[in-house]
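Below is one structure, written out as structure tokens; comments come after it.
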Amino acid sequence: MNPTKILIADDEPNILISLEFLMKREGYEVVLARDGQQAIDAIARERPALVLLDVMMPVKSGFDVCHEVRGNDAFKDTLIVMLTAKGRDTDVAKGLALGANAYMTKPFSTKELVQKVQSLLQGAQGAAP
Amino acid sequence: MSAQQKTDPRLWWLLGAAGVASLGWLAVTFGLIASAMEAQERQAVLQTVGDRLVLIGLTWGGGMAVIGWGLKRWFALWVTPSVQLAEEAQVLLKTDVVRELPAKGNAETKVLVGLFNQLVGQREALRQQMDAKVAEAARGIEQEKSRLAALMSELTQSVVVCNLDGQVLLYNNRARMQFRALSQAPGVAGGAELIGLGRSIYGVFDRKLVQHALESIEQRLQRGAAQPSAQFVTTTPSGQLLRVQMAPVRAARPASAAEAATDRADAVALTGFVLMLDNITRDFEAEAARDQVLHTLTEGSRAALANMQAAIDMLDYPDLEPAMRERFMAVVRDETRALGQRIATVEAGAADGLKTRWPLEDMLGADLVNAALRRIESVAGLRCAAQEVDRELWLKVESFALLQALVYLAARLSDEFDVKAVQLRLGPASGGAGKAQLDLIWTGQAMSTETVMSWEMDAMKVGQETLRLTVRDVVERHGGAFWFERERVRHQAFFRFLLPLANPQEAADVPVLSPGESRPEYYDFDLFKTTQQTLSMDERLLTELNYTVFDTETTGLNPSQGDEIIQIGAARLVNGKLLKQECFEQLVDPKRPIPAASIPIHGIQPEMVVGQPTIEQVLPAFHAFAQDTVLVAHNAAFDMRFLQLKEQQTGAVFDHPVLDTLLLSAVVHPHQDSHRLEAVAERFNVTIVGRHTAMGDAMVTAEVFLKLIPLLAEKGIHTLGQAREAAQKTYYARLKY
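Respectively, the protein sequence lines represent chains A and B.
Those letters in the first sequence? Residues 1 to 129, per the working numbering, in order.
Those letters in the second sequence? Residues 1001 to 1737, per the working numbering, in order.
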């Protein structure tokens, strides 16, 4: 059975290196994107089950990526976890309103992130026929 | 009655009538007796009486003398005293002469004289009381005026008082300085083109902005708010950021309790408004810098901490390969150094300290929605309805900017997506505590992320006007959020604004307001007589118009052959007063030589115009100075020709109504040989100071014009239209330059 594919979209190399290591270690296949447009292309191409999406990225913001993904029925099952330094309540509300499944404010514990990813993926599998 | 006194002619008439009547009676008596006799008897009587007829004449004459004496006595006692009393009473009635009338004539007339004297005494006592009260009140008003003037001049805040037409009625020195700083041409007009008595405040502020603030105040007044005020922040044409607080000036208090009862409904009637201005350009820049610092500290540090946290978490894995361990250690070192640098930068830049926040005002959400409904329908031309509006929500908003954002979005929906109707929805935000969500909803197709982003980032265009703000600016100003969502089930889409909530304080502390208590005690004179802005200029009275009286000095007499303006001087006439403090006097660099022959006339040496502004800078400033006034000049056709030939070059189009004192002089004095300014000034006894300087001539022209207005009125010329028509009919109107 193929490992579950996760896309990590962030323009910060210092977070990418840790998250890539972490997710691979947890047994996921990891795809990386360094801006919003790369993220959209990678979602269309790689069809990841879950996206760890930073908000403040060049070209397109995480909010824009989220909105486009949710606007396309082909990706309706793609899970989105927003990871962002934007911690205002209005940002959280906006992220969730635009269809993110979870919103985590930086800094976060990697343990909690892994738990969140696992629970979302399990929930999605449980919901799948 | 003295012997010399002229006898009343009516007495002679009465005496004559008695004589005629008695003669008639005699004739009839003799006639009847004679007709009853035979001819012989008549002959006998005639013979008997004939020689004694003289006796009858004597007795008749005696009788008439007695009647005459009786009539004279009767007149002396009854008629003459009444006539004299009437004349003397007329004098008392028409003048303020105070004297006691002498008692004369019969007893009844003497009683009347006594009553007259008492009434005059009473009138005099009342008049004295009233004069004393008026003097006292005038003293009080003078004291209040000087107190207010002192208070105003001491204020460190700019204060401008306007009537409902936006005309400035009062401003303090600070406001004058502030407007000088706002002037686009400070070196030219020194702000006098922006502020002045009778000038329109709409020359500085967008009329819609002020109207919106007024509407907002009126709504609060109607709800019974004690101290309603509105705030807005606006950018001026010169790019300055002004925070404006507006307070209402309400109608004067009713004179009596009965009036107060009937006027209760009018308690909210506004007669004008007070504007308090603060230039917050620097504050705002500092605020923006502070926000940037805060942003760097929070979001920047969060990202760095997240990177470190993740790397440290990875270092916990015991089986980590040395190469990977070194990479995570490098991340931690890298982020620690970056964080240290960031904190040092923040520390260095944080010296500015606390600054005022961007002012947001409390507003009932339902009021905002109502205002938005009206604005969207009137400006964007879409049907607009409210849907699910929470009437209890109080927002903390900059309502004008927010309304403009809503109108702008609705207008783009209409223009680009052919949307015909929109709805507004307001409720507490589901995601964020202390926030409200305001949705602009439409039915139909959705839009792409790029479209939403470009709408959010484009400079807003409302009506014909493009603003400097974007939707994002407005949202950030509120610390809010904005996004686009679809409701697939309802086949609807909406833009959502997350906006801050306010504490509903105002509703809680509303005291009962009696209509008389609206005005502060130190301000008690009524300056608010609104003018009839609705009448066209031509229909308005000459006495109520405002004028800019001006003169130009030029290099020569032929503008079409290259002669140029080298000086403009202008003064303002407001409410029939020459405002000597509000002048426009400016030399102009003509960018061509000044002919030597003209120098003795105007006295302007070529070196005086070097370094002065050019006509491209001066005319727009003069245009602003003359805004909303009638232009007046002596031989105006000459000066206007110079201005009009520069319209394309300067962009300043002088389409004001124009009056010419030369033509008006010819209207009131058609038989005079000369209507040159010197001659006219001499006729009106106006002293000429500085003839042939632009300012000097403008001042003389202004004083001449003031003298012309009443003379025109005597000729039945009261309105601007009548004055222009009369001027055009005069001979001089045919003179062309």
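We put the CB at the ideal spot given by N, CA and C, even for glycine.
Check	Outcome
Out of B/Trp-1394, B/Thr-1345, B/Leu-1360, B/Gly-1381, point me to the one whose CA is closest to B/Val-1369's CA.	B/Trp-1394
Distance cutoff 8 Å, beta carbons only. Does B/Ala-1385 sit that close to anything in chain A?	no
Please classify A/Met-57: does DSSP put it in a helix, a strand, or coil?	coil
For the region 1634 to 1686 of chain B, list the beta strand (DSSP E) runs that are entirely contained and at least 3 residues long, ordered along the chain.	1658 to 1660
Only counting the same chain, and skipping five residues up and downstream in sequence, which positions put a Cβ closer than 6 Å to that of B/Glu-1377?	Cys-1384
Say whether the region 1212 to 1224 of chain B touches the region 1121 to 1135 of chain B, bearing in mind that this needs 3 or more beta-carbon pairs closer than 8 Å, one atom from each stretch.	no
Take the Cβ of B/Gly-1651 as the centre, count every other Cβ of all protein chains shown within 10 Å, and call the residue buried at 16 or more, exposed below.	exposed
What do you get for B/Glu-1553, buried or exposed, if any count of 16 or more other CB atoms within 10 angstroms of its CB means buried?	buried
Within a Cβ cutoff of 7 Å, which residues of the same chain sit near B/Glu-1388, ignoring the five residues on either side of it in sequence?	Arg-1425, Gly-1427
Please determine, among A/Lys-111, A/Asp-10, A/Glu-26, the residue with the shortest C-alpha to C-alpha distance to A/Thr-4.	A/Glu-26
Just mark B/Phe-1030 as buried or exposed, buried being the case when its beta carbon has 16 or more other beta carbons within 10 Å.	exposed
State yes or no: is the beta carbon of A/Pro-3 nearer than 8 Å to at least one beta carbon in chain B?	no
Beta-carbon of B/Gln-1492 versus every beta-carbon of chain A: anything under 8 Å?	no
Following a CB-centred definition, is A/Tyr-103 positioned closer than 7 Å to any heavy atom of the ligand COA?	For the ligand COA, the structure offers nothing, since it holds no ligand at all.
To the nearest angstrom, how far is it from the Cα of A/Ala-9 to the Cα of A/Gln-38?	8 Å
Could you check whether the Cβ of B/Arg-1357 sits closer than 8 Å to any Cβ belonging to chain A?	Its pLDDT being 44, under 50, B/Arg-1357 is placed unreliably in this model, and the coordinates cannot settle the point.
Are the C-beta of B/Thr-1530 and some C-beta of chain A separated by less than 8 Å?	Here B/Thr-1530 scores only 39 on pLDDT, less than 50, and its place in the model should not be relied on; the value that follows carries that caveat. Output row for B/Thr-1530: interface = no.
Rounded to a whole number of angstroms, what is the C-alpha to C-alpha distance between A/Lys-116 and A/Leu-53?	14 Å
Out of curiosity, what's the CA-to-CA distance linking B/Glu-1144 and B/Asn-1172?	16 Å
When Cβ atoms are compared, which residues of the region 1440 to 1460 of chain B fall closer than 9 Å to chain A?	Ala-1446, Ser-1448, Thr-1449, Glu-1450, Val-1452, Met-1453
Check this for me: beta carbons of B/Val-1462 and B/Val-1407, under 8 Å apart or not?	yes
Using a C-beta to C-beta distance shorter than 8 Å, which residues of chain A count as neighbours of B/Leu-1305?	Lys-106, Pro-107
Return the Cβ separation of A/Val-59 and A/Leu-7 in integer angstroms, given the expectation that the two are a contact with Cβ distance under 8 Å.	Contact doesn't hold; Cβ gap of about 15 Å is too wide.
Below 8 Å, can you find three or more Cβ-Cβ pairs linking the region 1610 to 1621 of chain B to the region 1582 to 1591 of chain B?	yes
In the DSSP assignment, find the alpha helix (DSSP H) that holds B/Ser-1022 and state where it starts and stops.	1009 to 1035
Shortest alpha-carbon distance to B/Ser-1560 belongs to which of B/Asp-1165, B/Arg-1342, B/Asp-1639?	B/Asp-1639
Looking at chain B, is there any beta carbon in it that lies within less than 8 Å of the beta carbon of A/Glu-26?	no
Sort B/Asp-1628, B/Leu-1409, B/Asp-1589 by Cα distance to B/Ile-1615 and report the nearest one.	B/Asp-1589
Starting from the N-terminal side, write out each stretch of the beta strand (DSSP E) that is 3 residues or longer and does not extend beyond the region 1376 to 1432 of chain B.	1383 to 1389, 1394 to 1397, 1421 to 1428
So which residues on chain A does B/Ala-1311 lean against when the C-beta distance must stay under 8 Å?	Asn-14, Ile-17, Ser-18
Short check: CB of B/Glu-1456 to CB of B/Arg-1472, under 8 Å?	yes
Give the residues from the region 58 to 74 of chain A that approach chain B closer than 8 Å (Cβ to any Cβ), ordered along the chain.	Lys-60, Phe-63, Asp-64, His-67, Glu-68, Gly-71
Of all the CB atoms in chain B, is at least one closer than 8 Å to the CB of A/Thr-78?	no
Go through its chain and collect everything with a Cβ distance to B/Gln-1492's Cβ below 6 Å, but skip five positions before and after it.	Ile-1441, Thr-1443
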